[in-house]
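> In our numbering, the protein residues as written are 699 to 826.
One structure coming up, written as structure tokens, with questions to follow.
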Amino acid sequence: MPTALSAGIVTDQPDELLSFYGDALGLEVESSSEFPQGSIHRLRRGDARLKLYTPVDAVARTGRPDPWYRAAGFAYAALLLDDVEAAAASVERAGGEILVAPTSHRPGAVYALIADPQGNVWELLQED
699 MPTALSAGIV
709 TDQPDELLSF
719 YGDALGLEVE
729 SSSEFPQGSI
739 HRLRRGDARL
749 KLYTPVDAVA
759 RTGRPDPWYR
769 AAGFAYAALL
779 LDDVEAAAAS
789 VERAGGEILV
799 APTSHRPGAV
809 YALIADPQGN
819 VWELLQED
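What follows is the structure, encoded as structure tokens:
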């Protein structure tokens, strides 16, 4: 069985994130399910997978630390793309925030750091 990683985001506004991840990063809804505990939307782009979980109980919004890496623990996920510049432009158009503009950080690689409209941080990475 192949090894894969699926990231998950807890949200009380799934429609906002469904729109953002579709428009900005090209993820498509693979399935949506309702459970007694809440709902899950499974999104996919190639081998990348993302789950949006909306619990039936209220969600506490703590906000993103400043700087984004200040709090220990799971702080960001990375998405490997063919064109980080184009993706960063799409992120801005879709209501996201550019934390670090596309930057060449080593030969053959470009990265950007972005935040979705709810403050979740992503590294967009392009490698030749």
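Note that CB positions come from ideal geometry on N, CA and C, so glycine has one too.
All values reported here derive from a predicted model rather than from experimental measurement.
1) Does any heavy atom of the ligand HEM sit closer than 7 Å to the C-beta of S737?
2) Whole angstroms are fine: how far does the CA of S717 sit from the CA of P689?
3) Kindly provide the ranges of any alpha helix (DSSP H) runs that are 4 or more residues long and lie completely inside the stretch 750 to 818, ordered along the chain.
4) Are there 16 or more other CB atoms within 10 angstroms of the CB of Q824, so buried, or fewer, so exposed?
5) Quick check on the burial criterion: 16 or more other C-beta atoms within 10 angstroms. Buried or exposed for Y809?
6) Count the other C-beta atoms from every protein chain shown that fall within 10 angstroms of the C-beta of Y719, then say buried if there are 16 or more, exposed otherwise.
7) Below 8 Å on the Cβ atoms is my guess for L797 versus V819; work out the distance and round it to an integer in Å.
8) Is the stretch 745 to 755 in contact with the stretch 703 to 714, if contact means three or more CB pairs nearer than 8 Å?
In this structure, then:
1) This structure lacks the ligand HEM, and indeed carries no ligand of any kind.
2) This structure leaves residue 689 out entirely; the chain is present only between 699 and 826.
3) DSSP runs (the alpha helix (DSSP H)) wholly in the stretch 750 to 818: 782 to 791.
4) Counting the other Cβ atoms within 10 Å of the Cβ of Q824 gives 16 or more, which makes it buried.
5) With a threshold of 16 other beta carbon atoms within 10 Å, Y809 meets it and is buried.
6) With 16 or more Cβ atoms within 10 Å of its Cβ, Y719 is classed as buried.
7) 7 Å between Cβ atoms; contact.
8) Yes, they touch.
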